[in-house]
Amino acid sequence: MLARSLTVLLCLAGIQTFCQATDPAFDADKKSKIDAVRLTETNTLQFGPFSMQGKDLSVRVKSPGQKIITLKQNARLVCGQTRISADRIDVSYKDPQDLQMTLQGNIEIENERDQLRMFARTASLFNNAYGRGVMLLSRDRGHVTLLRTSKQKTTQIEASRIQLLFPDQHTLQIYPIDKVSIKVRPARSTDLVEIQSSTQSEFDFFDGISITDVQIKSKKSTKKIRQTGAEVEKLQLLK
């Protein structure tokens, strides 16, 4: 009963804030500072396309239409076929082509469609008019890790930093920087990504991506891994 009452209260608060944000008489500078939703204990909340969990969670709706999500402490966010966990997750977006995420602490990024797993201390993801990409960063001489599994093989890349770019929907360009280690090994069960009840969403950071060409480039080595003859189903963007 308490959980149901909390859900109704959160929905009403979100609707009220959204209406204020879209009202022509709405004072953006004043109202944008008001939290639409805040949870102080571990709960799961569905806000738009995102399923979120964290001990401290807040959602703000700013004029005109910009939404800001902040998750702290055991934070987890699921959208489409992508799952993200970290100590802190900050999301800012207006639409699927204007999306930015900043992650801090014990980061794990997983995508089921293209079987990608990433581990880092800090990270940023962006999808805007200039392109789509990911930056993984380490701390204190540590390293970040990227796993790409395909055809029972896993490519494991470790480096101080790794940048990922998606020049088109079929190509993944990987730029490992400093202390680079690249291995190809048999896939393990722990490499595989499975997200329960995953559905396609245009707000999924990796939506529309169907990787058939992986290019790995670094100062020490340049490698290119291509899947030939693979039947890959292209994702369709939701309208």
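Using mature numbering (1 follows the signal peptide of the UniProt record, and there is no 0), the letters of the sequence shown correspond one by one to residues -21 to -1, 1 to 218.
Backbone N, C-alpha and C define an ideal beta-carbon position, used for all residues, glycine too.
The beta strand (DSSP E) enclosing residue i, as first and last residue numbers
| i | result |
| --- | --- |
| I68 | 61 to 74 |
| V172 | First-last for V172: undefined, no H or E at that position. |
| V159 | Note, V159: premise wrong, no beta strand (DSSP E); not H, not E. |
| I88 | 77 to 90 |
| Q135 | 132 to 138 |
| R39 | 35 to 41 |
| Q179 | Counting along the chain, Q179 falls outside any beta strand (DSSP E), and DSSP gives it neither H nor E. |
| S129 | 123 to 129 |
| Q148 | Here Q148 belongs to no beta strand (DSSP E), and DSSP marks it neither H nor E. |
| D119 | No beta strand (DSSP E) holds D119; DSSP gives it neither H nor E. |
| I195 | 192 to 196 |
Counterpart residues of residue i in DSSP-defined beta bridges
| i | result |
| --- | --- |
| A166 | Bridge partners of A166: none, in fact. |
| N107 | G110 |
| R55 | Q32, S64 |
| R96 | E89, L126 |
| I153 | L143, I195 |
| I47 | R39, S71 |
CB-CB length for residue i against residue j, believed under 8 Å
| i | j | result |
| --- | --- | --- |
| E173 | E91 | 6 Å |
| I195 | I161 | 6 Å |
| V113 | L78 | 12 Å between Cβ atoms; not a contact. |
| Q76 | D183 | With 8 Å as the limit, Q76 and D183 do not qualify as a contact, their Cβ atoms being about 13 Å apart. |
Chain-order list of residues whose beta-carbon lies under 8 Å from that of residue i (same chain, five-residue window excluded)
| i | result |
| --- | --- |
| N85 | S64, A65, D66, R100 |
| R164 | K132, T133, Q135 |
Residues near residue i in its chain [Cβ-Cβ closer than 6 Å; skip 5 each side]
| i | result |
| --- | --- |
| R111 | F145 |
| T23 | Q32 |
| V123 | A99, L115, S117, I141 |
| G44 | K73 |
| L125 | M97, I136, I141 |
| I190 | D93, L151 |
| I68 | L50, A54, L56, L82 |
| A102 | L82, I86, L115 |
| L104 | M80, V113, F184 |
| P28 | C58, S180, F182 |
Short CB-CB distance (under 8 Å) between residue i and chain D
| i | result |
| --- | --- |
| T49 | Of the protein chains in the structure, only one exists, and it is not chain D. |
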